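**Q** Here the sequence shown stands for residues 2 to 240, numbered as in the working numbering.
For each residue, glycine too, the CB sits at the ideal point set by N, CA and C.
For clarity, every value in this text was computed on a predicted model and none was experimentally measured.
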Amino acid sequence: MNPIRLHPFVARLDRSIRLDGEDLAALERLLSHRVVARKAKDIIVEGYEHKALHVVEEGIAIRYKLLGTGKRQIVNVVLPGDIIGFPGCFYEHAVFSVMAVDRMALSHVPLDAFTALCLQRANIATALVWFAAREASIYAEHIIGAGRREPLPRLAHFLLEMLTRLQMVGLATGTSFEMPLSQEGIGDVVGLSGPHVNRMMAELKSSGLIAVEGHEITILDWTSLQKLGEFRPAYLASS
Numbered sequence: 002m003n004p005i006r007l008h009p010f011v012a013r014l015d016r017s018i019r020l021d022g023e024d025l026a027a028l029e030r031l032l033s034h035r036v037v038a039r040k041a042k043d044i045i046v047e048g049y050e051h052k053a054l055h056v057v058e059e060g061i062a063i064r065y066k067l068l069g070t071g072k073r074q075i076v077n078v079v080l081p082g083d084i085i086g087f088p089g090c091f092y093e094h095a096v097f098s099v100m101a102v103d104r105m106a107l108s109h110v111p112l113d114a115f116t117a118l119c120l121q122r123a124n125i126a127t128a129l130v131w132f133a134a135r136e137a138s139i140y141a142e143h144i145i146g147a148g149r150r151e152p153l154p155r156l157a158h159f160l161l162e163m164l165t166r167l168q169m170v171g172l173a174t175g176t177s178f179e180m181p182l183s184q185e186g187i188g189d190v191v192g193l194s195g196p197h198v199n200r201m202m203a204e205l206k207s208s209g210l211i212a213v214e215g216h217e218i219t220i221l222d223w224t225s226l227q228k229l230g231e232f233r234p235a236y237l238a239s240s
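1. Can you check whether the CB of F232 is closer than 7 angstroms to the CB of L161?
2. Can you tell me where the beta strand (DSSP E) with T219 in it begins and where it stops?
3. Using the three-state DSSP reduction, which class does H94 fall into: helix, strand or coil?
4. Could you give the C-beta distance for R166 and A106, rounded to a whole number, given that I count them as a contact under 8 angstroms?
5. Just checking my contact of V99 with I44 at CB under 8 angstroms: how many whole Å lie between their CB atoms?
6. Shortest alpha-carbon distance to E185 belongs to which of I75, T127 and E58?
7. Hey, how far is the Cα of L32 from the Cα of Q168?
8. Over the uninterrupted beta strand (DSSP E) stretch that includes V170, give me the two end residues.
9. If we ignore side chains and look at the alpha-carbon of each, how far apart do N124 and H109 end up?
10. Count the CB pairs spanning the region 140-158 and the region 187-196 that are closer than 8 angstroms, and state whether there are at least three.
11. Between which two residues does the beta strand (DSSP E) harbouring Y65 extend?
12. Just the C-alpha distance for I63 and E23, rounded to the nearest angstrom, thanks.
13. For F10, which residues in the same chain have their Cβ closer than 6 angstroms to its Cβ, ignoring the five residues on either side in sequence?
14. Out of curiosity, what's the CA-to-CA distance linking V170 and S17?
15. Please name the residue or residues paired with S177 in a DSSP beta bridge.
16. Suppose the cutoff is 8 angstroms on Cβ atoms and the five residues either side in sequence are ignored; what does the same chain contact list for L172 look like?
17. Could you please give me the residues that DSSP links to R73 through a beta bridge?
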């Protein structure tokens with residue numbers, strides 16, 4: 002197997018369309034400029050110009066907005082295979098900030114080079130339409146959760162979403178995963194305070210739905226947790 006096909010970004014695109022040899026060669030050239038982002042480093046800062054993409058090979062980041070009150074809303078967790086700067090680099094200034102949760106290995110891609118590749122390779126352009134649609138679906142689910150789900154179902158849905166997404170990039174087993182966020186960070190995703198998240202996690206544990214050891218979360222009763230959170234993974238394009 003061509004090693005580039007094992008890159009999480011290429012593996013993600015492969016879920017929507019099979020890339021041929023020329024597509025893979027073009028992507029290998031595009032992803033060759035690797036950079037490292039340190040833990041807690043802002044990769045993109047809201048309000049500043051950002052005309053490049055960073056394709057995630059390793060590590061996890063958060064895409065967030067800091068409000069005038071000092072409160073933070075995390076709009077998504079960025080995992081291996083995701084793109085940092087998409088679609089924000091198409092705006093005059095970045096509309097969200099992105100911060101590395103841990104050390105990250107990234108491929109730095111100038112926007113004009115990425116655009117040129119899409120014009121040259123129709124398969125890659127088509128796959129990116131799927132990529133954008135999937136991102137929009139994740140945001141839509143988060144809006145529905147914040148607007149209409151009660152706190153406990155909202156948390157249940159997020160835990161299953163994280164497990165499913167981490168499984169898709171080989172970072173989780175069938176039932177367990179390392180939660181990359183603190184309880185405060187989880188609260189910034191689901192719109193709850195850290196203490197509220199702590200109480201909700203305790204309730205899920207006492208109900209026998211999950212087990213927690215350090216940062217590792219194990220789903221003990223998938224069916225019941227899925228029913229509680231009304232989690233349907235089709236929006237993640239998960240088979």
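**A** The structure says:
1. yes
2. E217 to I220
3. coil
4. Actually they do not touch by this definition, with Cβ atoms about 18 angstroms apart.
5. 5 angstroms
6. I75
7. 23 angstroms
8. Here V170 belongs to no beta strand (DSSP E), and DSSP marks it neither H nor E.
9. 21 angstroms
10. yes
11. A62 to L67
12. 33 angstroms
13. V56 and G82
14. 15 angstroms
15. T219
16. L80, P81, F178 and E179
17. L67
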